[in-house]
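Worksheet: the structure to be examined is printed underneath.
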Amino acid sequence: MIRVFVPRDAAALSVGADEVAAAITKEAKSRNLDIQVVRNGSRGMLFLEPLVEVDMPGGRVAYGPVTPGDVAGLFEAGFLEGKSHRLGHGRTEEIPYFKNQERLTFARCGITDPLSIEDYRAHGGYEGLAKALQMKPLDIVTEVTTSGLRGRGGAGFPTGIKWKTVHDLPPGEKYVVCNADEGDSGTFADRMLMEGDPFCLIEGMTIAAVAGGAQKGYIYVRSEYPHSVHVLREAIEIARQANWLGNNIQGTNYSFDLFVRMGAGAYICGEETSMLESIEGKRGIVRYKPPIPAIEGLFGKPSIINNVMSFAAVPIILSKGGEFYKNYGVGRSRGTLAFQLGGNIKQGGLVEKAFGVTTRQLIEDWGGGTATGRPVRAVQVGGPLGAYIPASKFDVPMDYEEFAKVDAMVGHGGLVVFDDTVDMAKQARFAMEFCAIESCGKCTPCRIGSTRGVEVIDRIIDDVDRDKNLALLEDLCVTMTDGSLCAMGGLTPFPVMSALRGFPEDFHKPSTNKFLADAAE
């Protein structure tokens, strides 16, 4: 039987993947052809979605982007035999965008049926947990520490230190919590993995539980990800039935169960303590630190908290060893990161590469430049609180420390591209307005500072005492950076000041305010 793969990923669904799958099934039936349509995850080449693949002896052959109207023509052209068609790209693994990646975390995504635990295990799944169940918990922590894995949510904190802190506390009620509140603009790696390889996340969290001595875990998913929630809940139940979750996992003395909690859509709940408040049924606002969540986290108990990409990197670290993972990357940034290309980009999608790749390489070699064909002027890296990087810094390696040297951050790996028509003063205003809207309101520098920041930038744009307001804006940014309770207010100055310093000419344009222009005359 010929297998045809059509993604069930939300990005593919948004451009008609369900309709394409239905059309392929219908066309095959009308031709009396026996095929199996497999709903896999996305390969990450979102510019080719829906990407239809046909399983051939020499590897899968790809066609895309496919619409329902293309299906009959594909059958006529003999796509089930891998024959050429105007939508054909040859073997999927040979497509340059895909071939030139280093896929560790996303090794199975787009290849397996996300809800087949047999498929998952056939492609190396649960090898890491099987090893972990035979190891001492401290040895698991040591392996993760050796790998150099750092938090993929943006802060870059060493994962092994978090795990050891929880491990070293006395036995008792402990938790493992996954922050899947992927709220940064231009990011979708968490969603792709949850929908395309959910058992990877489940396995990583279970390994963390064994290492830390936890018995229960929660995955906190944003409400905008209903497909992720559905897939995760199904996968968790499948894992329970196969005894990879629940009591006495695979006949050992370790027990761990997992639950999904859906957030209400607040950006601030991407901050770990706000997320904990939300899971506990409270309003999502930031907690004071100390105590840190590793000591007093969910329900006041010790908690290992990481994001999706951090937990998803753990299975391969346990399976192949910390040294294997450490061999990827540069400096203190080890392993790979899932870079996500969005905004004004010709070939948007996910690129998993070892740390050290540059912004220029990602935008030009994978992204193909802007969708408009105009020159790239700025790239915002690390979400709405990340710096706007000018072309002069495009060759800085993607490395936590190297980016910090140029007042930027790698963050969750999202890149949003802007061409030369962008107004960077308006982008700075957007950053302040975003903070004003999304602030939890607990601390004054963030709550009031962001609101005043919008007003100050408006006066700059309207040429009202521009020099005085530029100085005031800098002072305000210092106050927010130094005085805010969490990264929401503390990082908002990053995009604002990067726009001001990298693109000063946009803050010195003639006023577009007609009233002020008339008054000047």
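The sequence shown: position 11 = 1098 (our numbering), numbered continuously.
By construction, the Cβ of each residue, glycine as well, lies at the ideal position given by its N, Cα and C atoms.
Asked	Found
Proximal residues to I1547 (C-beta, below 8 Å), its chain only, five neighbours per side dropped	A1512, R1553, N1556, L1557, L1560 and F1594
Residues near R1534 by beta carbon distance below 6 Å, same chain, minus five either side	S1526 and G1528
Exposure of Q1448, with buried meaning 16 or more beta-carbon neighbours within 10 Å	buried
Where A1607 falls, given that 16 or more other Cβ within 10 Å makes a residue buried	Note that A1607 has pLDDT 43, beneath the 50 cutoff, so the model's placement of it is unreliable and the number below is only indicative. Exposed: under 16 other Cβ atoms inside 10 Å.
Within the segment 1214 to 1246, ranges of the alpha helix (DSSP H) (whole runs, at least 4 residues)	1214 to 1219 and 1224 to 1234
T1508, DSSP secondary structure in three states	coil
Euclidean distance between Cα positions of R1348 and L1202	19 Å
Span of the alpha helix (DSSP H), counted from its first residue to its last, around P1477	Premise fails: P1477 lies in the beta strand (DSSP E), Y1475 to P1477, not in any alpha helix (DSSP H).
Identity of the residues DSSP links to G1430 by a beta bridge	V1504
Burial state of R1095 (16 or more Cβ within 10 Å)	buried
Beta bridge counterpart(s) of N1394 as assigned by DSSP	N1266
Closest by C-alpha distance to I1382, when choosing among R1126, A1326, H1254 and G1456	H1254
Contact between the segment 1181 to 1188 and the segment 1156 to 1169 (3+ Cβ pairs under 8 Å)	no
Residue span of the alpha helix (DSSP H) that contains R1534, given as start and end	T1531 to I1548
Straight-line Cα distance separating E1542 from R1516	9 Å
The beta strand (DSSP E) enclosing K1440, as first and last residue numbers	G1436 to A1441
Rounded straight-line distance, which links the Cα of V1497 to that of Y1207	30 Å
Selection from D1507, A1523 and Y1475 that minimises the alpha carbon distance to G1588	Per the sequence presented here, residue 1588 reads as Arg, with Gly not at that position. Here the closest residue by C-alpha is Y1475.
Own chain residues within Cβ distance below 6 Å of V1493, not counting five before or after	K1480 and V1483
Closest Cα partner of E1367 within the set G1304, E1324, P1155 and V1395	G1304
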